[in-house]
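Okay, so the sequence shown: first residue is 33 according to the working numbering, each after it adds one. Yeah, the Cβ is synthetic: ideal placement off N, Cα and C, and Gly gets one too. Okay, so here's the structure we're looking at.
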Amino acid sequence: MPAITFVHPDGKSERVETADGESAMQAATRHGLGGILAECGGNAMCATCHVYVDESWLARLPAIADDEDALLDGTASERLPNSRLSCQIAVTSELDGLVLKLPERQV
Ligand code: FES
């Protein structure tokens, strides 16, 4: 199973195993990871699953869709060039080892 490492704002990290077909957000919430709220349940409507993708992984992620791009303009923490919505990141074996940094706040 691919695994993701989430890095909290204080620098602590948590490694989370994913299940087949899961998004990064689903893996995080299934493990009770703090820092991902996912209020809309992954429907690309809330932007409370905001993450900063480690720069070394950015080019390996699928392109941002228009709805994700629009929502990222409304994140509680500053949008940066490596901002993504974790509910829109489907974790595949190619993304095993992905590192996602959590923002200071989601609301
Ligand atoms: S969970 Fe709501 S936009 Fe990702």
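Distance cut-off 7 Å: residue i Cβ against heavy atoms of ligand 1
i	result
A51	no
M33	no
A76	yes
L65	no
Backbone CA spacing between residue i and residue j [nearest angstrom]
i	j	result
R116	G66	17 Å
E136	A79	14 Å
E71	D128	26 Å
I68	V83	8 Å
A35	T50	6 Å
Beta-carbon contacts of residue i that lie in its chain and below 8 Å, excluding the five residues immediately before and after
i	result
S55	G74, S118, C119, Q120, I121, A122, V123
DSSP beta-bridge partners of residue i
i	result
A122	S55
Unbroken beta strand (DSSP E) run spanning residue i, endpoints
i	result
E49	45-49
L112	Per DSSP, L112 belongs to no beta strand (DSSP E) and is neither H nor E.
I36	35-39
Residue i beta carbon near ligand 3 (any heavy atom closer than 7 Å)
i	result
T80	Ligand 3 is not among the ligands present in this structure, which contains only ligand 1.
Beta carbon proximity, residue i to chain D, threshold 8 Å
i	result
A35	Absent from the structure is chain D; it holds one protein chain and no more.
Contacts around residue i, its chain only, beta-carbon distance under 7 Å, and the 5 residues preceding and following it disregarded
i	result
V85	L93, N114, R116, L132
S45	T37, F38, V39
Range of the contiguous alpha helix (DSSP H) that encloses residue i
i	result
L104	98-104
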